[in-house]
Structure formats: C-alpha cells, structure tokens
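Novice: The numbering of the sequence shown is the working numbering, which starts it at 357 and goes up by one. Quick reminder that beta carbons are idealized off the backbone N, C-alpha and C, glycines included. Here the structure is a predicted model, which is why all the values come from computation and not from measurement.
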Amino acid sequence: MDSSEFWYLLPDPLLLYVFSHLSAKELLNARGTCRNWNRVATDEFLWKRLFHNDFKIDKSIPIAPGKYSWFNEYRRLKYHIPSEQTEVLVEHTHQVLHVSFAHNGKMFASSSKDGYIKVWTSTYPAKVLYSTDMKSFSWNYTQFSQFNESDTLLLVSGVHFGAHTASGEIAVFNLQGFTRGRGGLVVRSRPRDRRVAGSKPDSTEDPPCMGPVAR
Numbered sequence: 357m358d359s360s361e362f363w364y365l366l367p368d369p370l371l372l373y374v375f376s377h378l379s380a381k382e383l384l385n386a387r388g389t390c391r392n393w394n395r396v397a398t399d400e401f402l403w404k405r406l407f408h409n410d411f412k413i414d415k416s417i418p419i420a421p422g423k424y425s426w427f428n429e430y431r432r433l434k435y436h437i438p439s440e441q442t443e444v445l446v447e448h449t450h451q452v453l454h455v456s457f458a459h460n461g462k463m464f465a466s467s468s469k470d471g472y473i474k475v476w477t478s479t480y481p482a483k484v485l486y487s488t489d490m491k492s493f494s495w496n497y498t499q500f501s502q503f504n505e506s507d508t509l510l511l512v513s514g515v516h517f518g519a520h521t522a523s524g525e526i527a528v529f530n531l532q533g534f535t536r537g538r539g540g541l542v543v544r545s546r547p548r549d550r551r552v553a554g555s556k557p558d559s560t561e562d563p564p565c566m567g568p569v570a571r
C-alpha cells in the first residue's frame, strides 16, 4: 500500500480526533480531500464544538428550535449575517431613504425625506452625533450619503428646489470635529458658481468653513 493512501483509510474515530483539533476553515479544506474525509468532516460532533467555541455560546445551550444540523447553523451564522432588532430609532420624522456606514464601523449616516442628514454612533444605544436640516439650503430631501476612505468627510446628495426647477445637489461635511461637538459644511454645489459658508447644524460651535463650489 502506498503510504499516501494510509491517510484516506483512517478509521472514523481517529479522523474525528484529528479533525477536532482543526479550525472551521481547516475542516472545510479537509472535506475536499476525498469522499471519506468529506463525510467525517461534516460530523455533527465537530460542528457543535466549533459552533459553541467560535460564537462564544454556552455549551449547555441546545440547538435552536426547528434546527437539526450544527453544520448548517454554523454556516448560517457565518455566511448569512443574522439580524435582530435591538432598538427603534425615531429621530427622523419621514421615510428614511438611505443608510451608509463608516469604514471603521463606528458611525453611520441616515438620509430622509424630512430633509435631514444625521450621523449616528454605531454602539448600542445609537446616538445622534450630528444633524443638519438641508431644507435650510432649499433641499427637498436628502437621498444618499457616503463616507470617504478615512471617515473624515461625508458626501451627501439630495434634491434641490430652485426658483423654477429642481435638480440634484451635493454637499460635503467635515466629520473630524464631531468628537469636540463641532462639524461643518466644507463645500456644496449650487445652480450658480459661488462660495458657500459652513452650514448651521444642530450641534453647537460649528466652525466657519469655506470652499469653492463644484458642480
């Protein structure tokens, strides 16, 4: 017998012992070796241990009602992000159109038909860090937002109502001053080329910010 074939013919108890020392990723890789390893690597004993250890769940807690496979439960929690309502945020007074998250995961921004752009903490409970009513700039509502790569600026787009027509408009906010209760409008587009001073957000001590208008 070729020595390499020995590994494929290991008895189940020995394979289970070896596999019990592997991580989930290593165990999945082992499944691709041969049919026998694939069968043993999906053993419920192995995935029950990984489920409790990797997700920090008390070993006395049984599998969820209506579920019968630890392997499938591990896969569900790992690759299909579970969702649970932890709180209801009621700061907006109209439909929320878009939510964007900062790259560092510490903040998220919400745009709404009430005309506000709000930046929140991602920790529980979520709190409003910064809120600006864009209706003061003749916006009808805020539609989308996007953090820059360093999470220091926030780009906001919305619908602007002019004297005769409606058009899309963007604004860029400086987020670096939020920890000091400050923040401000850096630049926003307008129908005509002009310079725009910083906005007047709900947060206090907004620093004066000027920037050339881009359209």
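Can you tell which of GLY524, LEU485, LEU509 and THR508 has its C-alpha closest to the C-alpha of VAL515?
Specialist: When only C-alpha atoms are compared, the closest one is GLY524.
Novice: Counting along the chain, where does the beta strand (DSSP E) carrying LYS474 start and finish?
Specialist: Unbroken beta strand (DSSP E) run through LYS474: 472-477.
Novice: Please look up how many angstroms separate the CB atoms of ALA465 and LEU510, rounded, as I've assumed it's under 8 Å.
Specialist: The pair is a contact, with the Cβ atoms about 6 Å apart (cut-off 8 Å).
Novice: Using the Cα positions of TRP403 and SER468, report the straight-line distance between them to the nearest angstrom.
Specialist: So the alpha carbons of these two residues sit roughly 43 Å apart.
Novice: Going by other Cβ atoms of all chains shown within 10 Å of its Cβ, with 16 needed for buried, is TRP363 buried or exposed?
Specialist: Exposed, since its Cβ has fewer than 16 Cβ neighbours within 10 Å.
Novice: Excluding sequence positions up to five away, which residues of its chain have a Cβ less than 6 Å from the Cβ of LYS491?
Specialist: Here the set comprises GLY471.
Novice: Between which two residues does the alpha helix (DSSP H) containing TRP393 stretch?
Specialist: Start and end: 391-397.
Novice: Assuming contact is defined by CB atoms lying nearer than 8 Å, are PHE312 and GLU382 in contact in what I supplied?
Specialist: With the chain covering only 357 through 571, there is no way to say anything about residue 312.
Novice: Throw me the rounded Cβ distance for the ASP399 and LEU372 pair, which I believe falls under 8 Å.
Specialist: The Cβ separation is near 6 Å, so the contact holds.
Novice: May I ask you to list the residues that DSSP assigns as paired with GLN502?
Specialist: LEU511.
Novice: Identify whether ASP410 lies in helix, strand or coil by the three-state DSSP scheme.
Specialist: ASP410: helix per DSSP, three-state reduction.
Novice: Exposed or buried, which one is ASP549 when buried takes at least 16 other CB atoms within 10 Å?
Specialist: Summary for ASP549: the model assigns pLDDT 43, below 50, so the residue's position carries little reliability, and this model does not support an answer.
Novice: Could you check if ASN394 is buried or exposed, using at least 16 other CB atoms within 10 Å of its CB as the buried criterion?
Specialist: Burial call: exposed.
Novice: I need the DSSP call for TYR435, collapsed to helix, strand or coil.
Specialist: TYR435: helix per DSSP, three-state reduction.
Novice: Short of 7 Å in beta carbon distance, which residues of its chain neighbour PHE375, apart from the five on each side in sequence? Order them along the chain.
Specialist: The answer, listed in chain order, is LEU383, ALA386, VAL396, ALA397 and LEU402.
Novice: From LYS434 to ASN460, what distance separates their C-alpha atoms?
Specialist: The alpha-carbon atoms of LYS434 and ASN460 are separated by roughly 21 Å.
Novice: Between THR508 and the rest of its own chain, which residues show a CB-CB distance below 8 Å, the 5 nearest in sequence each way excluded?
Specialist: Same-chain partners within the cutoff: ASN530, LEU531 and GLN532.
Novice: Restricting to Cα atoms, I'd like to know which of TRP495, PHE493, TYR486 and SER456 is closest to GLU505.
Specialist: Out of TRP495, PHE493, TYR486 and SER456, SER456 has the C-alpha closest to the C-alpha of GLU505.
Novice: Measure the C-alpha to C-alpha separation of GLY445 and SER478 and round it to an integer number of angstroms.
Specialist: With the sequence shown as reference, residue 445 is identified as Leu, and Gly is not the correct amino acid for it. Going from the Cα of LEU445 to the Cα of SER478 covers about 12 Å.
Novice: I need the DSSP call for ALA420, collapsed to helix, strand or coil.
Specialist: ALA420: coil per DSSP, three-state reduction.
Novice: Throw me the rounded Cβ distance for the THR498 and VAL512 pair, which I believe falls under 8 Å.
Specialist: Indeed, because the Cβ distance is near 6 Å, the residues count as touching under 8 Å.
Novice: Among GLY422, LEU378, SER425 and ARG391, which has the Cα closest to the Cα of ASP410?
Specialist: Considering only alpha carbons, the answer is LEU378.
Novice: Using the three-state DSSP reduction, which class does TYR480 fall into: helix, strand or coil?
Specialist: TYR480: coil per DSSP, three-state reduction.
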